[in-house]
Amino acid sequence: MLSRRAAQLPPSSTAALDARAKQLAEDGVDVINLTGGEVDFPTPREACEGGTEAIDRGFTRYTAVAGIASLRQAVAARLARMWNAPCTAQEIIITNGAKQALANAFATLLDPGDEVIIQAPYWVSFPHMITLAGGTPVVIPTGADTGFKLTPRAVAERITPRTKALLINSPSNPTGVVYTRAQLAALADVALGADLTIVSDEIYGDLVYDGAEFTGVASLGRAIRERTVTVGGWSKTFAMTGWRVGFAAAPPPVIAAMAALQGHTTSAASSISQHAALAVLRAEPTAELRQRGIALDERRRILRDGLAALPGLRLAVEPQGAFFAFVDVSGAYGPGAHGQAIDSAATFAEQLLRTTQVAVVPGADFGAPHHIRISYVAGPETLREALKRIHDFLAAIPGSRATTAGR
Ligand code: PLP
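The sequence shown begins at 7 in the working numbering and counts up one residue at a time.
Below you can see the structure in the form of structure tokens.
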């Protein structure tokens, strides 16, 4: 019954693991769920009030497909401040989360067979979004030698006459890597030279630590901006994953095409969520966000330092943004503690969950089969407990570096 396209589409593995961990917790199991793409902070009060006010005032009907004018303007104003350049509401579309902005951008930009350059490790949905839109993901592996970043040379080498776009995701899911302004400018120059569109997923742009600075690709100059689709949203910055509201910013003809597509598929984002999004942008609860940033940075350090003390595991790269640590687990490969060998990140994660109830995401679906992603979305005490459980798990593996270390 299924189309070939649908038959080939696996469910999101991160969502599946998250669901499994949540189910275990509901069943009363003492699970520590570090799989998720959402922090445990509440949605800011201002957003909740904006949402309830929309309901109370009966603002519960279809809105303009591209979003309510005041919200498009508010996003444009925020980007203009960030880019230090004017931005108009015609350059903004409000979407059902950043996910829809990305999917619609690819559907709008790609003809069948068009190639999109992406790096591995990548966020699990990127290749599927490109394929669903008829495109072909061209994956460039990255590793410790380049700090898990694309280089201009690696990109230039993979450009063909079919290359349509370059996808950039900084700060990155799953590595937490943040590109510097100079690194982005060098990549953008390659895109400019080859007439590529840049799709820049900047959903984690407000979450950077350790002196790292976030750069919006569209801020690199007029010529770059004219070929860039910027994607962002409220999910991560404002802990609003369930509200399903995001945006894309691009030249007006691209936005108009995305709006046409959205008009025929999902229509506008929820009127209530748009109001909540507007309220929180207007209030811009800076002090609260700063506090959250400090708390996330503390968690990042706890996890980083804790991992450094675990023989067999190795932080692949220092995370400077988002809320993920990307960890090489190949040092823990071996016969396993329960009669099942650990020979991949998948078997590692499976056994870790089964024996210690700590849920992490194996990297195969990120294009990194020997790594796991650990989200530091839980508080310090929970993270410390998770680290302790991982330590005990490693220590129980016969012949593992954890058990032989110190002998
Ligand atoms: N882009 C990246 C890199 C993500 O990690 C996520 C969510 O996990 C999204 C986009 C989607 O965000 P939203 O919840 O706004 O759809």
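Ideal Cβ placement from N, Cα and C applies to all residues, glycine included.
{"Check": "Round the Cβ separation of Thr-41 and Ala-365 to the nearest angstrom and send it over; I've been treating them as touching at under 8 angstroms.", "Outcome": "5 angstroms"}
{"Check": "Restricting to Cα atoms, I'd like to know which of Ala-402, Arg-379 and Asp-212 is closest to Thr-243.", "Outcome": "Asp-212"}
{"Check": "Run through DSSP, which three-state label would Gly-248 get?", "Outcome": "helix"}
{"Check": "DSSP three-state label for Ala-171, please.", "Outcome": "strand"}
{"Check": "Inspect the CB distances between the stretch 334-343 and the stretch 88-97 and report whether three or more fall short of 8 angstroms.", "Outcome": "no"}
{"Check": "Tell me the DSSP secondary structure of Ala-150 in three-state form.", "Outcome": "helix"}
{"Check": "In three-state terms, what does DSSP make of Glu-59?", "Outcome": "helix"}
{"Check": "In chain order, what residues of the same chain have a beta carbon less than 7 angstroms from the beta carbon of Ala-275, not counting five sequence neighbours either side?", "Outcome": "Gly-73, Ile-100, Thr-101, Asn-102, Arg-250 and Val-251"}
{"Check": "Starting from the N-terminal end, write out each residue whose C-beta falls within a distance shorter than 6 angstroms of any non-hydrogen atom of the ligand PLP.", "Outcome": "Gly-43, Gly-103, Ala-104, Lys-105, Trp-129, Asn-175, Asn-179, Asp-207, Ile-209, Gly-239, Ser-241, Thr-247 and Gly-252"}
{"Check": "So, does the stretch 133-149 touch the stretch 113-123, judging by three or more C-beta pairs under 8 angstroms?", "Outcome": "yes"}
{"Check": "Where DSSP assigns a beta bridge to Leu-321, which residues make up the other side?", "Outcome": "Val-333"}
{"Check": "Mind checking whether Pro-180 and Phe-330 have CB atoms under 9 angstroms apart?", "Outcome": "yes"}
{"Check": "Of all the options Val-260, Gly-327, Ile-348 and Pro-325, which has the alpha carbon lying nearest to the alpha carbon of Arg-360?", "Outcome": "Ile-348"}
{"Check": "Looking only at C-alpha atoms, which of Trp-240, Ala-265, Leu-319 and Gln-363 sits nearest to Pro-1?", "Outcome": "As displayed, the chain neither begins before 7 nor continues past 413, which places residue 1 out of reach and without an answer."}
{"Check": "Under a CB-based cut-off of 9 angstroms, is Arg-306 close to chain B?", "Outcome": "The structure shown contains no chain B; it is built from a single protein chain."}
{"Check": "By how many angstroms is the C-alpha of Ser-9 removed from the C-alpha of Tyr-215?", "Outcome": "44 angstroms"}
{"Check": "Does the distance from the CB of Phe-332 to the CB of Gly-182 come in under 9 angstroms?", "Outcome": "yes"}
{"Check": "Tell me which residue opens and which closes the alpha helix (DSSP H) that Glu-44 is part of.", "Outcome": "Note, Glu-44: premise wrong, no alpha helix (DSSP H); not H, not E."}
{"Check": "For Ala-314, I'd like the list of residues in its chain whose CB is within less than 8 angstroms of its CB, leaving aside the five on either flank, ordered along the chain.", "Outcome": "Leu-321"}
{"Check": "Do you know whose CA, among Ser-277, Ala-402, Gly-318 and Gln-297, lies nearest Gly-57's CA?", "Outcome": "Ser-277"}
{"Check": "Could you check the C-alpha separation between Leu-295 and Met-7 for me, to the nearest Å?", "Outcome": "48 angstroms"}
{"Check": "Tell me, which residues are paired with Gln-125 by DSSP?", "Outcome": "Ile-146"}
{"Check": "Is the beta carbon of Ala-150 closer than 9 angstroms to that of Val-323?", "Outcome": "yes"}
{"Check": "Suppose you measure from the CA of Leu-115 to the CA of Pro-127; what does that come to, to the nearest Å?", "Outcome": "23 angstroms"}
{"Check": "Taking 9 angstroms as the cut-off, decide whether the C-beta atoms of Ala-60 and Gln-280 are in contact.", "Outcome": "yes"}
{"Check": "CB-CB under 8 angstroms to Leu-198, same chain, minus the five flanking residues each way: which ones, in chain order?", "Outcome": "Ala-229, Ile-230 and Arg-233"}
{"Check": "In angstroms with no decimal places, state the Cα-to-Cα distance between Ile-136 and Arg-390.", "Outcome": "38 angstroms"}
{"Check": "Whose C-beta lies closer than 7 angstroms to the C-beta of Ser-18 among residues of the same chain, with five residues either side of it excluded?", "Outcome": "Val-130 and Ser-131"}
{"Check": "Let me know the beta strand (DSSP E) ranges lying completely inside the stretch 367-412, each 3 residues or longer, listed in chain order.", "Outcome": "377-381"}
{"Check": "Identify the residues that DSSP records as bridge partners of Asp-207: which are they?", "Outcome": "Asn-175 and Val-237"}
{"Check": "Reducing DSSP to helix, strand and coil, say where Ala-327 ends up.", "Outcome": "Looking at the sequence shown, residue 327 is not Ala but Gly. Strand at Gly-327."}
{"Check": "Suppose the cutoff is 6 angstroms on Cβ atoms and the five residues either side in sequence are ignored; what does the same chain contact list for Val-205 look like?", "Outcome": "Ala-111, Ala-171, Leu-173 and Val-235"}
{"Check": "Considering only C-alpha positions, which residue in the set Val-161, Asn-39 and Leu-226 is nearest to Val-196?", "Outcome": "Val-161"}
{"Check": "In the DSSP assignment, the alpha helix (DSSP H) including Ile-230 goes from what residue to what residue?", "Outcome": "228-231"}
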